[in-house]
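Colleague:
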Amino acid sequence: SRVLVTGSTGFIGAHVVDNLLARGYSVRGSTRSAKKGEQMKAARPQYADKLEFVVIEDFTKIGVFDDSVMDGIDAVIHVASPFFYDTTNNEQELIIPAINGVKSILSASAKPGSKVQRMVLTSSFASVVDVNTTPPPGFTYTAADWNPLTYEVAADPKSTSVEAYRGSKKYAELAAWDFVKNEKPQFDLVTLCPPMVFGPVAHPVPDIKSMNESNSVLWSVADGVDPLPGARVPAWIDARDLAEVHVQALLKPEAGGKRFLAASPEPFSYEYAADIMKEKFDWAKDSVTSNYVAGQKPSASYGVDGQTAARELGVTYRSFQDTVVDFVKQVKETIL
Ligand code: NDP
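Under full-length UniProt numbering, the first residue of the sequence shown carries the number 7, and numbering increases by one thereafter.
1) Taking 6 Å as the line, does the beta carbon of I214 fall inside it for any heavy atom of ligand 1?
2) Specify the secondary structure class of G35 as computed by DSSP and reduced to three states.
3) Going by beta-carbon coordinates alone, are S129 and E179 separated by less than 7 Å?
4) Please tell me whether, using a cut-off of 6 Å, the distance from the CB of A269 to the nearest non-hydrogen atom of ligand 1 is below it.
5) Terminal residues of the continuous alpha helix (DSSP H) containing W152?
6) Counting only the same chain and skipping the five closest in sequence on each side, list residues whose C-beta sits under 8 Å from that of T213.
7) Can you tell which of F90, W152, V108 has its C-alpha closest to the C-alpha of I83?
8) What does M217 pair with, by DSSP beta-bridge criteria?
9) Using a 10 Å radius around the Cβ and a threshold of 16 neighbouring Cβ atoms, would you call V299 buried or exposed?
10) Leaving out five residues before and five after F326 in sequence, what residues of the same chain have Cβ atoms less than 6 Å from its Cβ?
11) Cβ-heavy atom distance between R38 and ligand 1 below 6 Å?
12) Go ahead and pull the three-state DSSP assignment for R265.
13) If I measure Cβ to Cβ from E99 and keep anything under 7 Å in the same chain, skipping five residues before and after, which residues do I get?
14) Could you give the distance in angstroms between the alpha-carbon of N96 and the alpha-carbon of S133?
15) How about D64: is its Cβ closer than 6 Å to a heavy atom in ligand 1?
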């Protein structure tokens, strides 16, 4: 079987690629950058005959996945979507590419002759959480919840890039569910909604400035940022666990047509990350700020149901401590 993974040279995508390769699948990764594809391939010589990359254009244009990209593909894991906050035009750089990427990959996968049986889409907890409402005590978000954010507010030039990013994920995921409902393609859809994703990287990261968005914030703690960042959401998942969630979502027949929250049940905070770094790395005792209340377990004002995904997809979640330690060690030893 051959799986197409988009965003394959990004943080989450590269872990998905590695998980599939380790299981014996052939992988075609798409990327805008031939160079990053070559670097990924060069770092995996043992999979030379199982791993290939195709260059696709920017998603801002629709129809970028042509027949040659889809040739021989049995399943698609669509990870790619713009995830950065340093924008000049939110709608052009975040929202439109996210939606058009979904529309392009879905219509290419539904063309006559396509053998695609399943599409797994990386959505986000951003398309679930309502950041403007304080939930009642004891509230737990589930995969049935949708962020009430409107397109107009997300795309408003006065909105922040964070708000626009949330809209990009919500409206891209909605476009996927609408496509499946209206076009009734031969494949089924599974969407995954992870909150903050952290962990060691498997993709090419030439220097710390090139680190992906979510890990950059975690690294800033090790690097001495002061004050510590506030966590926008108290929930997270390790990238390696999330890759397993993606692959199980592809393999389990009964996952078809479902939406999953993929999140560790353990809440996190950057204060807790700072505590872990100071405890586990001597050098961090000096570099990590002391300008916070140490020694407090993170608390969350709501729960996030990651257990349904764990049970139905058969995955377990790493501890926040293991994720932080593995990531910080890797950056210190191989990227700095
Ligand atoms: P990265 O930035 O590392 O990866 C994003 C990938 O998307 C890149 O490989 C890039 O491909 C591709 N991409 C971005 N913009 C475009 C575009 N305009 N046209 C074509 N391709 C594009 O981020 P992550 O791996 O962290 O994110 C992957 C997915 O996971 C995204 O959908 C994101 O929304 C989602 N997500 C991430 C979370 C996190 O905390 N990291 C949390 C929840 C969801 P290229 O190789 O061409 O550069």
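Cβ atoms here follow ideal geometry from the backbone N, Cα and C, with glycine treated the same way.
Modeller: Let me spell this out:
1) Translated into positions along the sequence shown, residue 214 becomes position 208. Not so, every heavy atom of ligand 1 lies at least 6 Å from the Cβ.
2) Indexing the sequence shown from 1 puts residue 35 at position 29. Of the three classes helix, strand and coil, the one that applies to G35 here is strand, per DSSP.
3) Sequence index remark: in the sequence shown, residue 129 carries index 123 (1-based). Sequence index remark: in the sequence shown, residue 179 carries index 173 (1-based). Yes, these two residues count as a Cβ contact at 7 Å.
4) Position 263 of the sequence shown, counting from 1, holds the residue named residue 269. Checking the Cβ of A269 against ligand 1 gives no.
5) For the purposes of this step, residue 152 is identified with residue 146 of the sequence shown, where counting begins at 1. From DSSP, W152 is part of no alpha helix (DSSP H); its letter is neither H nor E.
6) Stepping through the sequence shown from its first residue, residue 213 is reached at position 207. The sequence given here has Asp at residue 213, not Thr. These residues qualify, in order along the chain: I341.
7) Counting from 1 along the sequence shown, the entry for residue 83 is found at position 77. When each option's Cα is compared against that of I83, the closest is V108.
8) Here residue 217 is taken as the residue at index 211 of the sequence shown, counted from 1. According to DSSP, M217 bridges with nothing at all.
9) Position 293 of the sequence shown, counting from 1, holds the residue named residue 299. V299 counts as exposed, since fewer than 16 other beta carbons sit within 10 angstroms of its beta carbon.
10) The residue you call residue 326 lines up with position 320 of the sequence shown. E272, F274, listed in sequence order.
11) Mapped onto the sequence shown, residue 38 falls at position 32. Under cutoff, so the answer is yes.
12) Residue mapping note: residue 265 aligns to position 259 of the sequence shown, counting from 1. Reduced to three states, the DSSP call for R265 is strand.
13) Reading the sequence shown from its first residue, position 93 is the one you call residue 99. Hits under 7 Å: P88, T93.
14) By one-based count along the sequence shown, residue 96 stands at place 90. By one-based count along the sequence shown, residue 133 stands at place 127. Taking the straight line joining both Cα atoms gives about 17 Å.
15) To locate residue 64, count along the sequence shown from 1; it is residue 58. Taking non-hydrogen atoms of ligand 1 into account, the C-beta of D64 is found less than 6 Å away from one of them.
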